[in-house]
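Residue numbers (this note's numbering), protein chains in the order written: chain A, 25 to 402; chain B, 2 to 392.
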C-alpha cells in the first residue's frame, strides 16, 4: 500500500507548482483571461515545450505514457493557478478522442500538432437539448458521394471560439438518443457552413455555440468506424470528468487554506474571526470535505486506471462528491471572507466560480447520483 | 500509488477471513444480523474464542499474550471483523485498562490483572464521565483522599456502559485539588465493584435498553496498590485511551456490510409490494452514503499508510470518529426508513415484521449516542480546529 507520488509525478507537481508561483500569479491570470483569445499563446507553447501536453498519450504517439494518476497530479497542480489555457479542451477532450480513434495518418495530421501546441482543437460533445446525455445526438451526417454532409447545433463547445479543429459527433444511424449510430468527424473549423458564436463562460474561460449548416466533410475525416463513435466519446468524457474532479479538489484545498489564513488575520470586535467557534467548525467542515474528496479522488483514479467493473462507479462517485462538497467549500469560503468574498477583486471569488463551473460540467451532482443509485452497487 | 497488500498480508487476510467464516457461532451471527444488542453470555463466549485463537489482545505486546501485529495487520483484522459483522470485543478491559496496566502499571498489577483481562474472565467498566463532567472531562470531581494504606473515594461516575455486569471499574479520580492546572491532580485508580459503598443505578436509554449506569461511591476504601502509575498522572494515561477510542470508531467495513445488505433487501419485494429499489429518492440517499463511506475508507487507508511509514497518528482520528459515526447514523436512518410502518412495533416478539425491521427504529434511537460519546463530534471539531487548522 502506497499513496505517495512516484518520481515522475513528483517532478510534474513540482514543475507546475514552480510555474504557478513564479509566472502565473492571479493578476497575470486575469490579464490572460481578459485578453481577446482568453488565454496566452506563449504560455500554451511553454506547456508543450515542458511536455505537459504530452502527459496522457502513449509513447508511440509521442506522449509521456501517463495514466489517470498522472493527469490527476497535473490537473490538481494547475488548479492552484486557476489556469485558463485550454488544457481540458485540447488535451483531454480532443486528444482523448484522437488517441482512441485516429489512424496513424490522422494522428500525424491532428494529434501530433495538438501535442506540440500548434493546433487548437476541441470536442463538440454537447448539444443544446442533450443536457448530460452523451448519446443524445441529433446533428446529422448524410452520405454524399465520398463525403458527408453535416447539419445541426452544438452547445457550450469549450475553447470553441479559438479551436481550428472541431471533433463533432453526428448521427449516421439510429434514433435521437441511441448509442449506436454516432460517428465522429474531425471538422476544420473554417469549413464553409460552420458558424460560431463565441463567448466567455462565468469562470473566465471560453466557449461557443457552433452551428453546422450543410458542412461537407471528406471520408478521410471520419475518426474510427462510422456509427461506432460512442464508446470513445464515453471513455473520453469519463477521463475528462476525472480530470476536472482533480482540478476541483485542488481548488477546494486552495479555498480552504485561504479561508483559514484569512480568518487568522481578519479582526472583528478586537479579535481574529478565526477565534469564533461558529466559524471554526465550518472551516473544519471545509477541511474534512477536502480530505474526503482527496481520498475518494485517489480511489477513483486508481480504479479508473485499473479499468475494472467499478470504473464508471468511480467516475460518478468523485464527480458527485466534488459537486456537493465543492459547492459547500466554495460557498463557505465566500461567506467567511465576508464582503470581500463577493468582490471581483479577490481571487477567492474566481476559484469559487471555476469550482461552480466544474460542478455543471459532464454531469452535475444530481445526474451522477442518479447513475450511482441505479447501478448495482459495490 | 497502489492499495495492494503484500503476499504475507494477503495470506494473513485469508487466515483472518477463514477464522471469522468458520469460528463465529451461528447463533451469535444471527443475533448480530438482527440488529439487537448482544447478550453478555454471547459476548463473552466470542471473546473466549478469540482468546483461544490468541487474538484477544490485538494491540498487546507478545510478552503479555498479545498479537504484536503491525498496523496493517490490525487494519486487516478490523476490516474482516466488520465484513463478517462479527462482534467487536467490549473495549474496557482488552482495549483500555489492559494497555494502561501493561504500559504504566506495576509488576504486581500486571501479574494480578492482565491474564484475566486477556481471557475475559473479569468484566471491566470505565469510570470517566461524571454528572458535572461530560465532554469537559478535566472538570471531574470524584475525590480519592489518601488515608494510610488506602484511598477514601467519594463521588459519582455516570454513563458507565454495561457497568451492571462489571466486576471492576477503572476511574479517573481527583487526588489533589491544590494544582495549577485542572488536569494535574487527577489519578488513575482500579476499584473492585464489590467494595462496600459502591452502588449501581441504571440509566435507561431512549430505546428502552439498560446499557449505561450511574455509579455512586460512598466512602469506598481502595487499597493504595490499586493506583496505576504515579499519583497526579492519570490525565496523561487516560488521554492515551481516548485517542484509541476514536480511531476505533470508523467501522468502515461494518458499514459496508450493512449497506450491501440493505441494497440486497431493497431489491427484493417485501410483503408482496414493489421492491424499494423502485423508489428513486431512497436509492439516491443510499448511493450518497455509499460514496461517503468509500471516501472514509480511503481516509482511513491514507492514515494507515502514514502510520506505516512512521508518522504518529494524530488528529486524523478525530476525522474518523466524526465521519464514522455520521455514516453509521445515516445507515441506521436508511434501515428505519426502509422498514416503513414496521419500524414502529416496540419489541413485539417473533412473527411481526421481517428481518431487522422492528429493531430498526430502536437502533436509530440508540445510536444517536455515537456522535455524543467519546468526545462529542463538536469536541472533535474543536480538536481539529486547534491542532490541524491552528485556530
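Where a beta carbon is used, it is the ideal one built from N, C-alpha and C, also for glycine. Here the structure is a predicted model, which is why all the values come from computation and not from measurement.
Per DSSP, the beta bridge partners of residue 193 of chain A are A:208. Annotation: residue 98 of chain A to residue 275 of chain A spans about 13 Å, alpha carbon to alpha carbon. Distance from the CA atom of residue 132 of chain B to the CA atom of residue 336 of chain B, rounded to whole angstroms, is 33 Å. For residue 5 of chain B, a Cβ of chain A is located within less than 8 Å of the residue's own Cβ.
Counting of Cβ neighbours within 10 angstroms places residue 386 of chain B among the buried residues, the total reaching 16 or more. Per DSSP, residue 116 of chain A lies in no alpha helix (DSSP H) segment and is marked neither H nor E. For residue 379 of chain B, the nearest beta carbon of chain A is closer than 8 Å to its own beta carbon. As DSSP reads the structure, residue 151 of chain B sits in a beta bridge with B:148, B:224. For residue 113 of chain B, there is no enclosing beta strand (DSSP E); the residue is part of the alpha helix (DSSP H) that begins and ends at 108-119. When C-alpha distances from residue 160 of chain B are compared across B:128, B:149, B:182, the shortest belongs to B:128. When the alpha-carbon of residue 163 of chain A is set against those of A:153, A:175, A:316, A:169, the nearest one is in A:175.
Per the Cβ contact rule, the segment 226-239 of chain A is in contact with the segment 166-182 of chain A (3 or more Cβ pairs under 8 Å). At a cut-off of 8 Å, the C-beta of residue 292 of chain B has a neighbouring C-beta in chain A.
Within chain A, the residues placing a beta-carbon under 8 Å from that of residue 300 of chain B are 315, 316, 319, ordered along the chain.
Here residue 290 of chain A carries a coil assignment [DSSP, helix/strand/coil].
Residue 147 of chain B counts as exposed, since fewer than 16 other C-beta atoms from the protein chains shown sit within 10 angstroms of its C-beta. Identification of chain A residues near residue 295 of chain B by a Cβ-Cβ cut-off of 7 Å yields 320, 323, 341, ordered along the chain.
The Cβ-Cβ distance between residue 165 of chain B and residue 203 of chain B falls below 8 Å.
Residue 287 of chain A and residue 297 of chain A have their C-alpha atoms some 5 Å from each other.
Taken through DSSP and simplified to helix, strand or coil, residue 156 of chain A comes out as coil. Each of B:59, B:73, B:105 was checked against the Cα of residue 92 of chain B, and the nearest Cα belongs to B:59.
Selection A:372, A:363, A:145, A:111 evaluated against residue 285 of chain A yields A:372 as nearest (Cα-Cα).
Listed along the chain, the chain B residues whose CB falls inside 8 Å of the CB of residue 304 of chain A are 382, 383, 386, 390, 392. For residue 93 of chain A, a Cβ of chain B is located within less than 8 Å of the residue's own Cβ. Going by DSSP, residue 236 of chain A is part of the beta strand (DSSP E) stretching over 230-242.
Look at the beta carbons and you see the segment 186-196 of chain B touching the segment 224-244 of chain B: at least three pairs across the two are nearer than 8 Å.
Cβ atoms of residue 387 of chain A and residue 260 of chain A stay farther apart than 8 Å, at about 14 Å.
Taking a C-beta distance under 8 Å as the contact criterion, residue 6 of chain B and residue 25 of chain A qualify as a contact pair. Per DSSP, reduced to three states, the secondary structure at residue 348 of chain A is helical. The DSSP assignment places 358-367 as complete runs of the alpha helix (DSSP H) inside the segment 326-370 of chain B, in order along the chain (cut-off: 4 residues). Excluding the 5 residues flanking it on each side, residue 377 of chain A has same chain C-beta neighbours closer than 6 Å at 226, 227, in chain order. The three-state secondary structure of residue 202 of chain B, taken from DSSP, is strand. By the 16-neighbour rule on beta-carbons within 10 angstroms, residue 219 of chain A is exposed.
The Cβ of residue 331 of chain B sits no closer than 8 Å to any Cβ of chain A.
Between the C-alpha atoms of residue 73 of chain A and residue 140 of chain A there is a straight-line separation of about 8 Å. The residues 212, 213, 366, 367, 370, in chain order, have a CB closer than 8 Å to that of residue 206 of chain B in the same chain once the five nearest residues on each side in sequence are set aside.
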